[in-house]
Each structure stands twice: as C-alpha cells, then as structure tokens.
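Engineer:
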Amino acid sequence: MNAVEFTDIWEKYRLKFSVNGKAVWEELWALKEINFSVQKGEVFGVIGQNGAGKTTLLKLIAGMLMPDRGEVKVSGRVSTLMELGAGFNPEFTGKENIVINSRIYGISEGEVLEQKIAEIVAFSGLGKFINAPMKYYSQGMYARLAFGLAIYVDPDILLIDDVLAVGDEEAQRNCNKKIFELKGSGKTIIIVSHDMRMINKLCDRAILLDKGSIKKSGAASMVVPYYLDMVGDKNGIAVLESGGLRAVFNNGRLSFSCANDFITKGEGGYFSFFDRSINNRVPSFNLTWQIKSVLSDRIIAEGVSYDGAFSQVWQLRLEDNCLEWLVETKGRSPKDPNLNFALPSQFNKWVTLSENGSFPAFIYKIKWQELGQNNFPEGVLGVISDPPNGGLPALIFEAPGEDSMLKVFNSGFDEDSRVVQAGALENGSIRMNIRVFASHDDFNVFMGKKKESFFLKQEEERQRVLAEEQRERQRVLAEEQRERQRVLAESNITSGALTLFVDGGTKSLKILTKKGELTKGRGLFSVFFTQKKWFYPHDGTWQLERVSSAELKLTIDYQPLNLKMFWNVTASVKDELDFKIEMEIGDGAVIVNQDLILEFSDSFISWQTENEEGAFAAGRYVNDVAPIRLKDSKTNRIILRSRADNPCRLFFGLIPGLKKHIISIFKRRINELEFSTVNFSSIIAKGDQAFRPGKYTVFEGKIGFGEEIKLEKTDTSAGNISLKRGQLELIFDQGKARLFFKNKELTSGLSMFSSLRSSGFWLDSYQAVWDICSKKGDKITVHGHWPNIPVSQKWQLELSDKNTINWKINMDIFGELDLDLAQVNIMLSPGYKSWEVPGVNSGRFLDEYTDNYDILPFRFWYGPAGPEGMEVRGSLPGVSFKSLLDNEGFRKIIENSDYIYGARLIQYQKSKFNALTLDSRLFFEGLIQINE
10 MNAVEFTDIW EKYRLKFSVN GKAVWEELWA LKEINFSVQK GEVFGVIGQN
60 GAGKTTLLKL IAGMLMPDRG EVKVSGRVST LMELGAGFNP EFTGKENIVI
110 NSRIYGISEG EVLEQKIAEI VAFSGLGKFI NAPMKYYSQG MYARLAFGLA
160 IYVDPDILLI DDVLAVGDEE AQRNCNKKIF ELKGSGKTII IVSHDMRMIN
210 KLCDRAILLD KGSIKKSGAA SMVVPYYLDM VGDKNGIAVL ESGGLRAVFN
260 NGRLSFSCAN DFITKGEGGY FSFFDRSINN RVPSFNLTWQ IKSVLSDRII
310 AEGVSYDGAF SQVWQLRLED NCLEWLVETK GRSPKDPNLN FALPSQFNKW
360 VTLSENGSFP AFIYKIKWQE LGQNNFPEGV LGVISDPPNG GLPALIFEAP
410 GEDSMLKVFN SGFDEDSRVV QAGALENGSI RMNIRVFASH DDFNVFMGKK
460 KESFFLKQEE ERQRVLAEEQ RERQRVLAEE QRERQRVLAE SNITSGALTL
510 FVDGGTKSLK ILTKKGELTK GRGLFSVFFT QKKWFYPHDG TWQLERVSSA
560 ELKLTIDYQP LNLKMFWNVT ASVKDELDFK IEMEIGDGAV IVNQDLILEF
610 SDSFISWQTE NEEGAFAAGR YVNDVAPIRL KDSKTNRIIL RSRADNPCRL
660 FFGLIPGLKK HIISIFKRRI NELEFSTVNF SSIIAKGDQA FRPGKYTVFE
710 GKIGFGEEIK LEKTDTSAGN ISLKRGQLEL IFDQGKARLF FKNKELTSGL
760 SMFSSLRSSG FWLDSYQAVW DICSKKGDKI TVHGHWPNIP VSQKWQLELS
810 DKNTINWKIN MDIFGELDLD LAQVNIMLSP GYKSWEVPGV NSGRFLDEYT
860 DNYDILPFRF WYGPAGPEGM EVRGSLPGVS FKSLLDNEGF RKIIENSDYI
910 YGARLIQYQK SKFNALTLDS RLFFEGLIQI NE
C-alpha cells in the first residue's frame, strides 16, 4: 500500500524580477510531470542539485502547497523536519516549544504529553537546558530537539529536508540510528539530502530531480552514482559508452556501470598520492580538471594541483568489455601513488590464477582493512558476487607491468565497499584494466584461459629454470672436477700405488690407492697437549707447498699458541712415502705431549707387529672405544692387513731411536661411523716434559703399501730380567712382574703391575717404557716413563728370603697432572678359590668375569688398608700381600678381573693425594709372601 503517490504533478511559482527599475513577473515551473509513489514503511530519498525542486516536493506532501496540475495522495499523519528552528519561538524554553507544537499534532496536555516530553528530552540529551530559552541553543541542540519532536509525535510519515547534516557528529549518529528504528517499526520516511553516503545507507529507493523533472529513479545504490556523475565542473566531465557499459569521468573520479548496475561505489575510481608539502594524502578529485579530448572510445583529461607544481593525465579507453585506465604524472614526483577502485560490498568473493577466497566482514568504521592477499600471478584479480548477493557482473582487474602490483581492502563500514588498488609507479605511470563479464560463465572461461596460460608459462619457466639449473650444475660439477683435479695434482704425492692427499677443505691427510681411500675419519694426523687441552690439525691455519714432484711441505700455523707444525712428505721408493713432522715453538709455548694417529677403514681386519698379531674384532667396546691389548706396546712398526678377497697390506712405522714411543690399537664409534686407530704416543722423560723455543723433529717414519710387506721378528728380551732364590722366581717384563714358585706360575694376565687414572683414563705400567737400571744380588731396580702424562716410577724388587718379595715404588710427578686414582695390583691365577682379610673377613671367589669391569666388577672386598694384608688360597701355593706403609689414603680391594684376563685381583688403591710436587717420593712399599 502506498503512503504517498504523485500523479502527473506540475507546480509553478510566479516570481517578480526587477529589470531597469520595472517590475517583471515570470512564471517558473518548479516541478514538471512528476510521477512516483512511496510505499508504507519505506525510506525514500530525494536528491538533486539546489533549485531542482526537492523542497517544493516535500511541501506538496506536507500540504503546505497545492499542485497546479495533477493529484497528490497522502495516507497518514505527516510530521515535517524541513527548516532548522521552524515552528520554534527562540524566546520560549525547549519544553514550552514542545508543548506548543504538540497541540498542532493533536496531543493535549496530560499524561501522554508528559510522557512524550520525557522521551523527547531523553533522546535530545538536553538535560537541564530543556528549561532554557532556545535562543541559547547550538545548532546541534536545535537539530536534536527538532528531530525528537518530529518523531515522538508518532507520525505515519516523516519528512526530513537536509537538516541531519546540521549539528555535531553525535547528533547525526543518534538521528540516523533513530531513522533505522522508525524504519523497522513500519514508519514511512522521505529524506532530502546532499549527503550521498547517508542516502546510500538509509534509503531503499530514491529519485533524482533535475530542473523540476525526474531524471532517474530506482534503488538508491543506482540513483546516487548517477547523480554524482552530474555534479561538478562541466569542463571536467565526460562520458564513454560501449554496449551496456558506461564510464563517467567527473573531475578526478571514475564512475563505472553495466546495464544500469553501478560497479563503482562512493568515490569510485581515483588516483591518490602522498604530498610531502602538506604531509597528507591527496586524492585526484582535489585537482582542477580539464577534458582535453573525447573520442568515441577514449577520454583524455588533465588535472593540475592548486600550486601548479603537480599534474596528472588520465587516459580512459572503453572497448568491448574492457576499460583501460592509464594515469601519467608530471612535475613533482609523487610519493606512494596508487589507483583505487571502490566496489559495492555485494562483491563477496575474489579469485586469482592460483587461489580464491571470500571477503571478510567489515571491522573498522573509517580505517581501511588490508586483506593480506598480495599474491596476484600475472597481476590478475577476479571479483564476483554470489547469491544472495548476485546480480552484479563479474570483474577482472589487471595490473600490467612487471613492477605493478595489486592490493585488496575492505573500506570502513561507513563506506561499505571493497577497494582494489594498483600501485608501483612505472616510468611515471600506473595502469589498471577492468574487464566486465555479465555472465559468470564467460568470466570462468576467461579465467580458465588465463590460468591455463599462466600454468603453461609457469611450467615453461620451471622447465627453463630446471634446464638452467642443470646447466649450472653441470658447469659447477665440471668446474669442481677441474678444481679437484688441479687441487689433487697440487695437493697429493704419489709413489707407485700409494698416494697421500692433503685435503685442505676438511684439514686432513688421506691415504689413497687406485682402489680408493684407505683412511677414514680424520685420516693421518698429529695432536699435541698444551694449556690443559689437546690441539688438532683443524685448530690451525694450513698452507701447502709443493717443493717438487716428489716432495710436499705442509705448514700448520697455530697462531694464538705461537707455534707451527711442519709435515715433509717425500716419495723415494716405489709404494713407500717417508714423512717427518717438526714443531717450531716460539716463546711462551709449552708442549707437554704429542701423538701421531692413523684412522683407517674397516677394509683392514687384522694387524701384525714384530712379535704378535691379532684381529680388530677382538676388541670389546666400552664407552664407544674397543682397545686391543698388546703384549709389547714398545714396538714402533705395524702392518694392517685387509680381507682375503682383496688382499693388501699397509705399513705404518717410525724410525727407531729418534724418541721413545708406545703404540696403542683400538676401534672407535662416533655416531654411525666406525673405524680403527693406530696411535703412537710420545714418552715423556723428566727434563723433556716441555719443548723449549726452537725447532724439533717429533716424528719421523714411513708408510708403505703392497701385498708382500713383512716384519721380521725382533728380540724382546732386552727389557726382561729375572730373580731366583730357592723355589721362588720373579721375571720382570716391561712393566709387569711374573711370580713363579716351584716352576708353577702363580700370577696371570698383567701379573704384578701398577695403574694410574688421570682425567678419566687408566694407564697401566705395562704401557710405559721401562729401562733396567741395576741388578745387585737378589734385587733389581727398573725405571718406567708413562705416555701422555708427566709421571715416572722406579721399582725396587727384592727376594728377601726364599718365599718373600719386597716391592718398593717411588713415583716422580714432574708436571701438571690430574690424578684421581693410583693402584698397586697383583693379578693371580684363577686356580685361587678363596680369599681372606685376616681377622676381618673371608670368602670364596666366583668363577664369573664381567665384560663391564669399569662399572660393575665382581668385587668381594673393599675396605680400609689396615695392617693385616690380604691372602688367597687354592690349588696353588697361597699368596699374601701386605703394605708396609702407614696406608694413609689407601684401601684394600679383592675382586675378579674382567673376562679378558679371567684372573683374581688383589690390590691397594689410593684415591686421596696431597699436593703433588716435582720431587720423587716413596709411593708404596709392601711384602708378597708365598705360603706352601
């Protein structure tokens, strides 16, 4: 049902003009042939420029005027809000004016009027000012009171004539909110306003009046843009039309529609940049514009800034379904320029060539929300409106140019629009193309072709990149191969089938044959101990010099330590390489220990020295180290033997007589890497515990390779000496002393020996290098130097009677030493079955031997040393072991050895040490007695 209906309405005014002092009357048609209707409950907008007839139309509805022609039908009580303060007496208070105006609407005094007054006062927020004369009111107070009166008299139809723009922002916000409430309650509202944003937000439909006639009617979202196209300097307005597309340039704004559906919203399309001179952004519609050229498919317009320092030229070209938009700037270079294209919020989905998504809800009032979607392959973005937002054409935005980019925003919810932005000024210009598709099928076909082309380009680019990468890899590999060959040629020395390669990259020396590398891990290297830590080859700076085709010289400079290491490797005999290692030591550098180490692959499965041999597999791992126990660790030569299916031998040895060394062999595990190691350790003698400034040869030896390498057996008796008295016999053999009684050996394994633990490592006396000092009657004196630690021991072994041995040990510590345990041990035959600490405890041995001796030994007694000693008995003559000292810090231990020796073990262990000096001192003295 219609609340208002105009049928062929004409309205004219008779105006008086004064021309040359004479009165001239002229009739002016304010409205001509006006036909429209407003339904009950509808919010209806009337827009147009000043003088278009808007207020006249409202006065006809309000009954203030009668039409000259036609019929006006109004259904319901009408309340008008047309002129600010109209109907108010400024001398009266606000309340008095409410009472007077209420009578006009038929509201008499009483409870109803008092209730209405209370509602009006509450809405207007005037408080105590309701009782003040209105001549003291501000415009905002006038507006709130007038609007409150107009709505609270409960009209059926509310007429508002451009008064909501008057007053403060809060007043406008409250009035707008109330209009929405009235709309929801079924009231009919007709609004005249120049605020197009308000018309868009409040009105369902609108009409556009121009010179008294209706130029456009329909949905407000369609009529408002049409009106905006008309407003402005006519010198800056031009229109392009093609098919159903219509592009309007209006003084720096772009309006775009398809089949009368506006694609743009609000400000439409415009250029924006940051002006440093005013420290603010400047939109293109702030410039002064002039249309330069209008063709059937093209508009050229120029805008100039207020000071003439900046200008821009727009070229708009409309062809088929595409609008091409080019902006070129001149003069002062703009900062952060961009093109902005505002769309209705009905566009709710976006599509690129690689992904798609939905626009989120609006979250800001004014501030723009960047959607974070900045990946637009080929500079292409599609936007569509799906049901229930359908009806608008689908669009594709293109930002041509490699440096161009697109961004997408939600505006504030006041503007209620999506914004597509093109940036990246290229040669002083920005481009944006907008393609319009009335059919979503056509949109999908076009995007499909774009995607196909894009993915084809991507694949071509991928193939090109792969081919380029392959060519680059091949080039790099070829270059690396050439470099390897050059480095190999410069960094290796070959003798027959044997090659030593100096790998500067990994800082290692590798031993190679034609069948591959023989070394593993760190290869061949030397380490030394100083400043309480070990230093490795990678700790120094390497410099390689090829002296000749048969000689290499490697210098390793340990600059912070003020020392250098020199390796000289020469090839003199086929399949052999000679090496010499020298140390040049500067002032302040003190070297305590030095080792030469060879780490090699598991292709070698066994080893051989002059007098013994064995397999690497015989070692049992303890904490990732599997030591191989040697009977003679004083050898300086070893052969490594490979598997039978690939027979070869590697010789590694030192020149005898240069220095004293001991050899150790073990297997190691580091993460997943397993390899075997031969280690030559230098023996430190008192007085030689530190190199002095100068140059020294520390190792000199040979590496050989072949199938027929052999070692001749040597006489090892030089380090042995024996004592015999009656049925008792003692044989000293390089750090261990064997006991015999009546030609039966009582000891086993390591026999009589001493042990030291330093920094968590055990070093036994058989690992030291021993010299026989003297033999006088039934007494011998021997002197041993330990490897890697500054310790020596002097033993005196004496057969004091036919069944007693006196064992005396002096220990010399001549350098810094972390010593936490020291032991004096006798390892005895497993034929001994029982043990006793006289007067304290006794028991029997178990015939079990652990493979984890360091952690879980089979221990039967552990207690203070005391004066009583220890005894063992069995099928062999009994043995007692007793200390002759005060035993301070010593403890007695009776246990089984590990599974390798399978022996009984009685020992004195010391774990408390006073301050160690450099002087020799008595460490232990005890008696060993044989009981038949």
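Each step along the sequence shown adds one to the number in this note's numbering, with nothing skipped, and position 88 is 97.
We treat Cβ as the ideally placed atom computed from N, Cα and C, and that holds for glycine.
(1) By alpha-carbon positions, which one of 502, 514, 808 ends up nearest to residue 788?
(2) With DSSP collapsed to three states, give me the class of residue 294.
(3) Kindly confirm or deny that the segment 864-881 and the segment 826-834 touch, where touching means at least three C-beta pairs closer than 8 Å.
(4) Restricting to runs no shorter than 4 residues, where is the alpha helix (DSSP H) found entirely within the segment 183-224?
(5) Note down the Cα distance separating residue 5 from residue 758, rounded to an integer number of angstroms.
(6) How about residue 627: is its Cβ closer than 7 Å to a heavy atom in the ligand MN?
(7) Which residues in the same chain have their Cβ closer than 6 Å to the Cβ of residue 447, if we skip the five residues on either side of it in sequence?
(8) State the beta-bridge partners of residue 365 as determined by DSSP.
(9) So, at 7 Å on beta carbons, what are the nonlocal neighbours of residue 23 in its own chain, with the 5 sequence-adjacent residues on each side left out?
(10) In whole angstroms, what is the alpha-carbon distance linking residue 530 and residue 605?
(11) What is the rounded straight-line gap between the Cα of residue 113 and the Cα of residue 314?
(12) By Cβ distance, which residues of its chain are closer than 7 Å to residue 584, with the 5 residues on each side in sequence left out?
(13) Using alpha carbons as the reference points, say which of 581, 822, 550, 801 lies closest to residue 515.
(14) Starting from residue 311 and walking both ways along the beta strand (DSSP E), at which residues does that stretch end?
(15) Verify whether the separation of the beta carbon atoms of residue 571 and residue 548 is less than 8 Å.
(16) Could you give the first and the last residue of the continuous beta strand (DSSP E) run that contains residue 454?
(17) Would the segment 813-825 count as touching the segment 795-804 if we require 3 or more Cβ pairs under 8 Å?
(18) Just to confirm the assignment, what range does the beta strand (DSSP E) spanning residue 679 have?
(19) Secondary structure at residue 388, three-state DSSP: helix, strand or coil?
(20) By a C-beta neighbour count over all protein chains shown, 10 Å radius and 16 as the cutoff for buried, is residue 199 buried or exposed?
(21) Mind the definition here: the segment 350-367 touches the segment 409-427 only if three or more C-beta pairs lie below 8 Å; say whether that holds.
(22) Identify every residue that forms a DSSP beta bridge with residue 28.
(23) Could you pull the DSSP bridge partners for residue 414 from this structure?
(24) I need the boundaries of the beta strand (DSSP E) containing residue 101, first residue and last residue.
(25) Checking the sheet assignment: what are the DSSP bridge partners for residue 871?
(26) Reducing DSSP to helix, strand and coil, say where residue 427 ends up.
(27) Checking 8 Å against the spacing of the C-beta atoms, do residue 164 and residue 102 come in under that value?
(28) How big is the Cα-Cα spacing for residue 18 and residue 169?
(29) DSSP beta-bridge partners for residue 271?
(30) In whole angstroms, give me the CA-to-CA distance for residue 155 and residue 90.
(31) Can you list, in chain order, the residues of its chain whose CB lies under 7 Å from that of residue 513, leaving out five sequence neighbours each side?
(32) Pull up the distance between the alpha-carbon of residue 229 and that of residue 268, whole angstroms please.
(33) How big is the Cα-Cα spacing for residue 578 and residue 618?
(34) If I measure Cβ to Cβ from residue 902 and keep anything under 6 Å in the same chain, skipping five residues before and after, which residues do I get?
(35) Please report the straight-line C-alpha distance between residue 746 and residue 782, rounded to a whole angstrom.
Structural biologist: According to the structure data:
(1) Out of 502, 514, 808, the CA that lies nearest to the CA of residue 788 is found in 808.
(2) helix
(3) no
(4) 205-211
(5) Limits of the chain in this structure are 10 at one end and 941 at the other, which puts residue 5 out of reach.
(6) With respect to small molecules bound, the structure shown includes none, and the ligand MN cannot be examined in it.
(7) Excluding positions up to five away in sequence, the list reads 402.
(8) 360
(9) 34, 36
(10) 14 Å
(11) 54 Å
(12) 504, 505, 506, 507, 713, 714, 715
(13) 550
(14) For residue 311, the enclosing beta strand (DSSP E) covers residues 307-313.
(15) no
(16) Here residue 454 belongs to no beta strand (DSSP E); instead the alpha helix (DSSP H) covers 449-500.
(17) yes
(18) 670-679
(19) helix
(20) buried
(21) Short answer: they touch.
(22) 31
(23) 432
(24) No beta strand (DSSP E) holds residue 101; DSSP gives it neither H nor E.
(25) DSSP lists 902 as partners of residue 871.
(26) strand
(27) It is not a contact, given that the beta carbons lie outside the stated cut-off.
(28) 20 Å
(29) 266
(30) 7 Å
(31) The answer, listed in chain order, is 500, 551, 553.
(32) Their backbone Cα atoms lie some 16 Å apart in a straight line.
(33) 24 Å
(34) Closer than 6 Å at the Cβ level, and outside the excluded window around residue 902, lie 871, 916, 918.
(35) Whole-angstrom Cα-Cα distance: 15 Å.
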